[in-house]
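Those protein sequences? They're chains B and H, same order as listed.
If you're matching positions, the first sequence starts at 92 in the numbering used here and goes up one per residue.
If you're matching positions, the second sequence starts at 92 in the numbering used here and goes up one per residue.
Protein chains: 2
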Amino acid sequence: MSRPTETITILGAGAMGSALAIPAADNGHEVRLWGTWLDDGLLDAVERGHPHPRTGIPLDPRVKTYRSGQLAEALDGATYVVLAVASDGLVDVLRKAAGHLRAEQVLAVTTKGFVRLGDRILLLPDAVTSVLHEAAPDGGPDLELVAIGGPCKANEVAARRPTAAVHASASADVTERSRDLFATEFYAVESSDDLIGVEVAAALKNVYAIALGICQGLAEHGGEPYHDLQAAAFARAVSEMVRLAGLLGGRPETVAGLAGVGDLEVTALSGRNRVYGTRIGAGETPDEALRAMQAADQTVEGVPAAKLARELVDQLIRFGALGDWSGLPLLRQIADLLGGQEPYTGVGDLAGAIARAALPVRSPAGR
Amino acid sequence: MSRPTETITILGAGAMGSALAIPAADNGHEVRLWGTWLDDGLLDAVERGHPHPRTGIPLDPRVKTYRSGQLAEALDGATYVVLAVASDGLVDVLRKAAGHLRAEQVLAVTTKGFVRLGDRILLLPDAVTSVLHEAAPDGGPDLELVAIGGPCKANEVAARRPTAAVHASASADVTERSRDLFATEFYAVESSDDLIGVEVAAALKNVYAIALGICQGLAEHGGEPYHDLQAAAFARAVSEMVRLAGLLGGRPETVAGLAGVGDLEVTALSGRNRVYGTRIGAGETPDEALRAMQAADQTVEGVPAAKLARELVDQLIRFGALGDWSGLPLLRQIADLLGGQEPYTGVGDLAGAIARAALPVRSPAGR
Chain B
92 MSRPTETITI LGAGAMGSAL AIPAADNGHE VRLWGTWLDD GLLDAVERGH PHPRTGIPLD
152 PRVKTYRSGQ LAEALDGATY VVLAVASDGL VDVLRKAAGH LRAEQVLAVT TKGFVRLGDR
212 ILLLPDAVTS VLHEAAPDGG PDLELVAIGG PCKANEVAAR RPTAAVHASA SADVTERSRD
272 LFATEFYAVE SSDDLIGVEV AAALKNVYAI ALGICQGLAE HGGEPYHDLQ AAAFARAVSE
332 MVRLAGLLGG RPETVAGLAG VGDLEVTALS GRNRVYGTRI GAGETPDEAL RAMQAADQTV
392 EGVPAAKLAR ELVDQLIRFG ALGDWSGLPL LRQIADLLGG QEPYTGVGDL AGAIARAALP
452 VRSPAGR
Chain H
92 MSRPTETITI LGAGAMGSAL AIPAADNGHE VRLWGTWLDD GLLDAVERGH PHPRTGIPLD
152 PRVKTYRSGQ LAEALDGATY VVLAVASDGL VDVLRKAAGH LRAEQVLAVT TKGFVRLGDR
212 ILLLPDAVTS VLHEAAPDGG PDLELVAIGG PCKANEVAAR RPTAAVHASA SADVTERSRD
272 LFATEFYAVE SSDDLIGVEV AAALKNVYAI ALGICQGLAE HGGEPYHDLQ AAAFARAVSE
332 MVRLAGLLGG RPETVAGLAG VGDLEVTALS GRNRVYGTRI GAGETPDEAL RAMQAADQTV
392 EGVPAAKLAR ELVDQLIRFG ALGDWSGLPL LRQIADLLGG QEPYTGVGDL AGAIARAALP
452 VRSPAGR
């Protein structure tokens, strides 16, 4: 690497924030990990050299930690900033950070999902830009944004097991720089200019992983695997992500690659959205399953994402960008099931409901 | 359904042949199941009303069985013929059947893989046409061919669990007819005109499923999951199938749909290719793993498919359709590993080998 050493500030000391610190530190950069007001317990642990409570891996000792009150200090002199907070903390953290960000900084975002601002549902980069401008009414800094997606479980990144991410930005210089900063033997980086494709796939994969988890849970319930149904639902999910990304300006190749197919695969292999779906497939109602997850302090990002995706599609229909829901039957089915729009009639009908939504139908009507 | 009842003859009484008899019989058609000289034991069982030894599901009593000596009788008056024999029996069965096939029949093929005829590697539909012409030197019957792909485990089809197949043919009338014959509430059929895309994906998915199985096995070996690597390899597999299908005249959407993504997902969830890969990932050498599978009477179709795929790519390079192997690093890695072109250096390097092949690299060289 011929690139100079940079100062990288990661906002959010949870699983992904602390994990991303590893490849950046491995590349010799100065890495600062700032924890929100909810992250004190996590920082207490890693500062004592204990494993990070969310990844099970100790923080690299080269990484400097900053507490929530030290935001200005953490950002001062940073050349590259990573926003790695949970989706529901994103707006708050951004508002607090806005006054300390400068136009020459790059702002990368690992947070996934759609964001509601006022009565609009926005993709994450649009939401970030909007919050920054609102926080600094004189215009605010126009940072270059990078969307980070792809199949990256934080615990595997932190453990230096092989992982591939997609770093997407409108500027080829910025994606190249982002790749140089983070890419290691274990953390491979694919460059892309399709921020929208990366973000749409990143947001929706949690919703579809719930559907795939349900298929896995059906086997626990009835003792017989539903592998065909899971695989057909996987293919259907990809086709719907292609459709929705296309409507918003993203490209099919992005969804067919690491950011869509790859991230959906890893999300269906492990993680909280899969577990939540498995519980439903095994016989719990969606509400029971969610309460059980909440009791174990496990947030299920696919649940609010399904609700926001539903509102986003309704918004697209209202604006005339989409005629109706007919190209997105699986998304609608999952959103209806989780949101209560469709009365839950028991696990006995779940396979049929997913099949009706995910499998090709005999007539083109409704698809 | 307004279509008339047809007479469907299925050649091959193994798992897939006996399974496909179910939706056809459910639709009220006359279904004949012909067993090869290797299928007598299977037919003995199902004729006594026992479960089919390969699917665990009894044959529908409406299905008539025919022994290997009754090929002419089984085909006489059939309007739709399904070739559902194992790939290594395909040419033999086709040669025997050729004299009894007629031009007005449709010939559907569930057999998967590439076929070596002389010194050429052919896709299955080309091989079928070639064998039929060779068997009847006056020209032979020009049957309409249908390629059947998609995520269909025979045992799930036979058990009437929801499944989606792709039926592809050059003729829209034929695909529509094929869908009408087989589509049920449980066996959904998507029509396609992209035979090549379906066949390339069907042949290659067994090879890539071995790679995904290796990633699963690594967790058994080391106790730590390699979900990110598996997901990145999945996305890489899809991108390589798109590339190879495109070179041969198939379309990306086919590979991104049920026939590619869907079939790869189900093959990675279960089946012999996955099991074989898992054994390698868990520490057996490729040879040891293959001997163990053979000892359990489990053929691993991905092993010969990897060899044939390697020869096919070399053939494409020789013919100038492809510059070099650079767009297919994962296929090459798996073919080298299984074929001994790369010395096996132990399970310790497997994650690295798959990562080097499947993960994006920092420079475009070699990709």
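Just so you know, even glycine gets a beta-carbon here, dropped at the ideal spot from N, CA and C.
Unbroken beta strand (DSSP E) run spanning residue i, endpoints
i       : result
R211(H) : 211–214
T100(B) : 98–102
G240(H) : 235–240
R139(H) : Looking at the DSSP string, R139(H) is not in any beta strand (DSSP E), and its letter there is neither H nor E.
E247(H) : First-last for E247(H): 245–249, but that is the alpha helix (DSSP H), not the beta strand (DSSP E).
R207(B) : 205–208
8 Å Cβ cut-off: residues of chain H touching residue i
i       : result
S330(B) : A347, G348
A116(B) : Within 8 Å Cβ-Cβ: nothing; A116(B) doesn't reach chain H, min ~18 Å.
D319(B) : P242, C243, K244, E247, V248, R252, P253, T254, A255, V357
Proximal residues of chain B, C-beta to C-beta of residue i below 8 Å
i       : result
F273(H) : Simply none; closest approach about 11 Å.
A442(H) : R252, P253
Contacts of residue i in chain H (Cβ-Cβ under 7 Å)
i       : result
F325(B) : V352, G353, E356
Neighbour list for residue i in chain B, Cβ cutoff strictly below 9 Å
i       : result
Y367(H) : In chain order: nothing, as chain B lies at least about 17 Å away.
P316(H) : K244, N246, E247, R252, L360, S361
Contact with chain H by residue i, beta-carbon distance below 7 Å
i       : result
R252(B) : yes
Y157(B) : no
S269(B) : no
G439(B) : no
P455(B) : Residue placement at P455(B) is flagged as unreliable, the pLDDT there being 42, under the threshold of 50; the coordinate-derived value follows with that caveat. Output row for P455(B): interface = no.
L102(B) : no
M92(B)  : Reliability of the predicted coordinates at M92(B) is poor, the pLDDT of 47 falling under 50, and no value is obtained from them.
R458(B) : At R458(B), the pLDDT of 33 sits below 50, so the modelled position is not reliable and the matter cannot be decided from this model.
Cutoff 7 Å: residue i Cβ touching any chain B Cβ
i       : result
P377(H) : no
H258(H) : no
S262(H) : no
A322(H) : yes
Proximal residues of chain B, C-beta to C-beta of residue i below 7 Å
i       : result
V280(H) : P451
A446(H) : P253
Unbroken alpha helix (DSSP H) run spanning residue i, endpoints
i       : result
L174(H) : Where L174(H) is concerned, there is no enclosing alpha helix (DSSP H), although the beta strand (DSSP E) it sits in stretches over 171–174.
I445(H) : 441–449
V346(H) : 343–347
F273(B) : 263–273
R123(B) : Element bounds for R123(B): not the alpha helix (DSSP H) but the beta strand (DSSP E), 121–125.
L198(H) : Per DSSP, L198(H) belongs to no alpha helix (DSSP H); it is in the beta strand (DSSP E), 197–200.
T358(H) : 354–360
F325(B) : 318–339
H143(H) : Per DSSP, H143(H) belongs to no alpha helix (DSSP H) and is neither H nor E.
S109(B) : 106–117
T369(B) : 363–372
Y299(B) : 286–313
Per-residue burial, residue i [other beta carbons within 10 Å of its own, 16 or more giving buried]
i       : result
G314(H) : exposed
L419(B) : buried
G431(H) : exposed
L208(H) : exposed
D354(H) : buried
H318(H) : buried
G457(B) : For G457(B), the predicted structure reports a pLDDT of 33, less than 50, and the residue's modelled location is therefore unreliable. The matter cannot be settled from this model.
F141(B) : Strictly speaking, residue 141(B) in this sequence is His, with Phe absent from that position. H141(B) should be labelled exposed.
P95(H)  : exposed
G108(H) : buried
T436(H) : exposed
S417(H) : exposed
Residue i CB to nearest heavy atom of the ligand HEM below 6 Å
i       : result
D135(H) : Because no ligand of any kind appears in the structure shown, any question about the ligand HEM cannot be addressed here.
Return the residues of the region 234–251 of chain H that lie within a Cβ-Cβ distance of less than 8 Å from chain B, sorted by chain order. G241, P242, C243, K244, E247, V248, A250
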